[in-house]
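Enquirer:
Residue numbers (the UniProt record's numbering): 1 to 693.
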């Protein structure tokens, strides 16, 4: 760059009125060869003219004016100098620019006002947040029915419950990081499109492996939406509105839970809804439910196409004009809605930070197409990784570590207990069910046809000779130390039914699902198995399924008071007191679980716990958005939310393992985690008075 500037200066050096090295060959330019007396001659025509208004005569011959050359050199000089400046100096200059931009942007947003545009974006992004809430509940609701279609074992059901959180964890980190490089709107569209496509596909796939894969990728998509939604919406809010309206936005997560519970309650029990294609393909009611649950995501995806990119993000990457147009659109939309269309957007110029990153445009002739894409992808992910590391630099390290502990302890206790509550209710129901078991000893039955349902029974030391079991169902039935001789089983379906220490002689099993693993320490003599049933065909009505839907519905609804209180007080008492107070109150609620010895008591304590803890979640979302600068905001939120999902996986696994064993460990673990996280949260910096950096 320096050599180019010197060359320009050498080519057009102006000395004593002459251009060095230029030999005129016409009458318009004479250089220094003109006689001295002509220099003093003045034309009457030029009298009264300002010297600045005179036409430079070299202009007619395409020769640059010396002043123009100097201006170009001045403009060129900083660009040349930046190449040799220390990166730390450039970053310091950028930080100074960002601070100026932050205060100017706050004033611009206040001038734009809060009105129709923000409320429209509120509902569009709310649908995306609602889709995230739905995703958390979907798998839990479909498991009881899906296990019938897919014959899921206990380990398979556990994996299906955890796989969604695993996808969310990866999606939050990956897509949150990309949102700081590619843009909020673009990455949110990608996130929702992935979720909608694979959620829709999962309702049709039949195999367990494909269903597991679809739910994993679906979770990856919706996991990326959460950090983007809060970063996106916060950049259209002024300081005085930010805490309150981000808290109102959190209500859509609650609405998602209510929507999922209501749809499960109204669709899944109708097991006959759907269709079958032969014996291999079945589309039952739970698949209809999965399909319906993708609607909020699809609706948000369509509406998002009509929303603009975040102008704050555009300013960060130097797109001044595009950001200005969007801010003007926000201003004009709000002013028209307020009945003041004559109000003019007074901002003409917005400060843009110094661009430090080097972007290399790859020419279409360079390499093959996949090589060019590989370079772009690796460059982008390197920039994302640099952002991740930036969150751990000295300036943000302590805040990031404290926030990580608070997010993790909150997720461990909340998601652990949210799974533990329904499991405990099921356990209490199973205990009550087992207490009603009927026991039959030493019965002898011969030449009898069984064509009805047997449920919750134990048959010991019985003898069955020449009996027929046709078109019947066994549910929770055990045959112990019994004899079956010359019996015939046809079209029989079973659930939790076993033959233990039995002797079975000359018996035929035709079109049944009584497989070999259901015979425990049995002697099979001259026994024939013909045309075994494929898949799971049991369709018993599960009364406790209705209760699980009700529990989830009430748990989601119980956070409404907490949402309202947190939204109204977020900007009054501050984020830190909200987090600490909510977590400590939730810890106290955990101790009352020791007195939950019935289904109604467990439901009541669950509602109380959810209502108390929601304020901490809302305040965590707000403070995470406000603590980090614009170019790192979604990345930091994604990292912390990914850690939150890791805590959810651990919580689900640990708490579920103690169901039916002891209540002490889950309660003490949850309460101690909440107390520790709540006390640590009080050491975080308060952010309600600061502008978005």
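All residues carry an ideal CB built from backbone N, CA and C; glycine is no exception.
This structure is a prediction, so every number in the text was calculated from the model and none was measured.
Residue 609 to residue 465, Cα distance in whole Å?
Expert: Locating residue 609 in the chain shown gives position 609, counting from the first residue. Locating residue 465 in the chain shown gives position 465, counting from the first residue. Going by the C-alpha atoms only, they are around 57 Å apart.
Enquirer: Pull up the distance between the alpha-carbon of residue 285 and that of residue 549, whole angstroms please.
Expert: Here residue 285 corresponds to residue number 285 of the chain shown, with the count starting at 1. Here residue 549 corresponds to residue number 549 of the chain shown, with the count starting at 1. Taking the straight line from one Cα to the other gives about 15 Å.
Enquirer: Classify residue 172: buried if its beta carbon has 16 or more other beta carbons within 10 angstroms, exposed otherwise.
Expert: Looking up residue 172 in the chain shown gives position 172. Under this definition residue 172 is a buried residue.
Enquirer: Going by other Cβ atoms of all chains shown within 10 Å of its Cβ, with 16 needed for buried, is residue 220 buried or exposed?
Expert: Within the chain shown, the letter at position 220 stands for residue 220. Result: buried.
Enquirer: Going by the DSSP bridge assignment, what does residue 449 pair with across the sheet?
Expert: The residue you call residue 449 lines up with position 449 of the chain shown. DSSP output for residue 449 lists 468 as bridge partner(s).
Enquirer: Measuring alpha carbon to alpha carbon, tell me which of 163, 618, 525 and 179 ends up nearest residue 381.
Expert: In the chain shown, counting from the first residue as 1, residue 381 sits at position 381. Residue 381 has its Cα closest to that of 179, out of 163, 618, 525 and 179.
Enquirer: Should residue 331 go down as buried or exposed, given a rule of 16 or more other Cβ atoms within 10 Å for buried?
Expert: In the chain shown, residue 331 corresponds to position 331, counting from 1. It is buried - the Cβ of residue 331 has at least 16 other Cβ atoms within 10 Å.
Enquirer: By a C-beta neighbour count over all protein chains shown, 10 Å radius and 16 as the cutoff for buried, is residue 398 buried or exposed?
Expert: For the purposes of this step, residue 398 is taken as residue 398 along the chain shown, with counting starting at 1. So residue 398 ends up on the exposed side.
Enquirer: For residue 393, count the other beta carbons within 10 Å of its own beta carbon; 16 or more makes it buried, fewer makes it exposed. Which is it?
Expert: Within the chain shown, the letter at position 393 stands for residue 393. Classification of residue 393: exposed, given that the 10 Å Cβ count is below 16.
Enquirer: At a threshold of 6 Å, does residue 175 count as lining the ligand HEM (C-beta to nearest heavy atom)?
Expert: Absence of the ligand HEM from the depicted structure is noted, as is the absence of any ligand whatsoever, leaving it without description.
Enquirer: Using three-state DSSP, classify residue 333 as helix, strand or coil.
Expert: Numbered from its first residue, the chain shown carries residue 333 at position 333. The answer is helix: DSSP assigns residue 333 an H, G or I state.
Enquirer: Between the region 616–626 and the region 646–653, do at least 3 Cβ pairs fall closer than 8 Å?
Expert: With the cut-off at 8 Å, the region 616–626 and the region 646–653 do not touch.
Enquirer: Going by beta carbon distance, what residues of the same chain come within less than 6 Å of residue 439, once the five residues before and after it are set aside?
Expert: Stepping through the chain shown from its first residue, residue 439 is reached at position 439. Within the same chain, residue 439 has close Cβ partners 458.
Enquirer: Which residues in the same chain have their Cβ closer than 6 Å to the Cβ of residue 584, if we skip the five residues on either side of it in sequence?
Expert: Mapped onto the chain shown, residue 584 falls at position 584. If we look at residue 584 and ignore the five residues flanking it on each side, its Cβ neighbours are 678.
Enquirer: Could you round the C-beta distance between residue 557 and residue 350 to whole angstroms and report it? I think they count as a contact, below 8 Å.
Expert: Indexing the chain shown from 1 puts residue 557 at position 557. Indexing the chain shown from 1 puts residue 350 at position 350. Between residue 350 and residue 557 the Cβ distance is about 44 Å, and since that is not below 8 Å, they are no contact.
Enquirer: Taking Cβ to Cβ, would you say residue 408 is nearer than 7 Å to residue 643?
Expert: One-based indexing of the chain shown puts residue 408 at position 408. One-based indexing of the chain shown puts residue 643 at position 643. Yes; because the gap between Cβ atoms is below 7 Å, this pair is in contact.
Enquirer: Provide the residue span of the alpha helix (DSSP H) that contains residue 375, from first to last.
Expert: Taking the chain shown and counting its residues from 1, the one referred to as residue 375 is at position 375. Residues 369–390.
Enquirer: Rounding to the nearest angstrom, what Cα-Cα distance links residue 218 and residue 287 in this structure?
Expert: Taking the first residue of the chain shown as 1, we reach residue 218 at position 218. Taking the first residue of the chain shown as 1, we reach residue 287 at position 287. Going from the Cα of residue 218 to the Cα of residue 287 covers about 15 Å.
Enquirer: Tell me the rounded alpha-carbon separation between residue 660 and residue 592.
Expert: Working through the chain shown from its first residue, we reach residue 660 at position 660. Working through the chain shown from its first residue, we reach residue 592 at position 592. Rounded to whole angstroms, residue 660 to residue 592 spans 18 Å at the Cα level.
Enquirer: Is it a yes or a no for the region 110–130 touching the region 232–245, going by three-plus beta-carbon pairs under 8 Å?
Expert: Output reads yes: the region 232–245 touches the region 110–130.
Enquirer: With distance defined between alpha-carbon atoms, name the residue in 415, 182 and 389 nearest to residue 317.
Expert: Numbered from 1 along the chain shown, position 317 holds the residue referred to as residue 317. Here the closest residue by C-alpha is 182.
Enquirer: Could you check the C-alpha separation between residue 669 and residue 413 for me, to the nearest Å?
Expert: For the purposes of this step, residue 669 is taken as residue 669 along the chain shown, with counting starting at 1. For the purposes of this step, residue 413 is taken as residue 413 along the chain shown, with counting starting at 1. So the two alpha carbons sit approximately 7 Å from each other.
Enquirer: Helix, strand or coil for residue 429, going by three-state DSSP, please let me know.
Expert: Here residue 429 refers to the residue found at position 429 of the chain shown. DSSP places residue 429 in helix when its eight states are reduced to three.
Enquirer: What is the C-beta distance between residue 133 and residue 256, in whole angstroms, given that I count them as a contact (C-beta under 8 Å)?
Expert: Walking along the chain shown from the start, residue 133 turns up at place 133. Walking along the chain shown from the start, residue 256 turns up at place 256. Confirmed, about 2 Å.
Enquirer: Measuring CA to CA, which of 452, 424 and 165 is closest to residue 600?
Expert: As a position in the chain shown, residue 600 is number 600, starting the count at 1. Of the listed residues, the one whose Cα sits closest to residue 600 is 424.
Enquirer: In whole angstroms, give me the CA-to-CA distance for residue 314 and residue 320.
Expert: Translated into the one-based positions of the chain shown, residue 314 becomes position 314. Translated into the one-based positions of the chain shown, residue 320 becomes position 320. When rounded, the distance between both Cα atoms is 7 Å.
Enquirer: Check this for me: beta carbons of residue 469 and residue 450, under 7 Å apart or not?
Expert: Counted from its first residue, the chain shown places residue 469 at position 469. Counted from its first residue, the chain shown places residue 450 at position 450. Going by C-beta atoms, residue 469 is nearer than 7 Å to residue 450.
Enquirer: Return the CA-CA distance between residue 483 and residue 443, expressed in angstroms with no decimal places.
Expert: Working through the chain shown from its first residue, we reach residue 483 at position 483. Working through the chain shown from its first residue, we reach residue 443 at position 443. Rounded to whole angstroms, residue 483 to residue 443 spans 11 Å at the Cα level.
Enquirer: Here's a check: name, in chain order, each residue in its chain whose Cβ is nearer than 8 Å to the Cβ of residue 506, leaving out the five neighbours to either side.
Expert: Your numbering for residue 506 matches position 506 in the chain shown. So the qualifying residues of the chain are 485, 486, 525, 526 and 527.
Enquirer: Pull up the distance between the alpha-carbon of residue 682 and that of residue 216, whole angstroms please.
Expert: By one-based count along the chain shown, residue 682 stands at place 682. By one-based count along the chain shown, residue 216 stands at place 216. Distance between the alpha carbons of residue 682 and residue 216: 36 Å.
Enquirer: Tell me which residues share the same chain as residue 590 and place their Cβ nearer than 6 Å to its Cβ, disregarding the 5 neighbours each side in the sequence.
Expert: Here the question's residue 590 lines up with position 590 in the chain shown. Result list for residue 590: 667, 670 and 671, in chain order.
Enquirer: Just checking my contact of residue 563 with residue 159 at CB under 8 Å: how many whole Å lie between their CB atoms?
Expert: Here residue 563 refers to the residue found at position 563 when the chain shown is read from its first residue. Here residue 159 refers to the residue found at position 159 when the chain shown is read from its first residue. Wrong, their Cβ atoms sit about 32 Å apart, outside the cutoff.
Enquirer: Would residue 476 pass as a contact of residue 496 if the rule is Cβ separation under 7 Å?
Expert: As a working note, residue 476 is residue 476 in the chain shown. As a working note, residue 496 is residue 496 in the chain shown. Contact flag set, yes.
Enquirer: Could you pull out every unbroken alpha helix (DSSP H) segment of at least 4 residues lying fully inside the region 561–602, listed in chain order?
Expert: Fully enclosed alpha helix (DSSP H) runs of 4 or longer: 575–591.
Enquirer: If I measure Cβ to Cβ from residue 253 and keep anything under 6 Å in the same chain, skipping five residues before and after, which residues do I get?
Expert: Residue 253 sits at position 253 when you count from the first residue of the chain shown. Result list for residue 253: 129 and 133, in chain order.
Enquirer: With residue 594 and residue 663 assumed to form a contact (beta carbons below 8 Å), what rounded beta-carbon distance in angstroms separates them?
Expert: Indexing the chain shown from 1 puts residue 594 at position 594. Indexing the chain shown from 1 puts residue 663 at position 663. Confirmed, Cβ separation roughly 7 Å.
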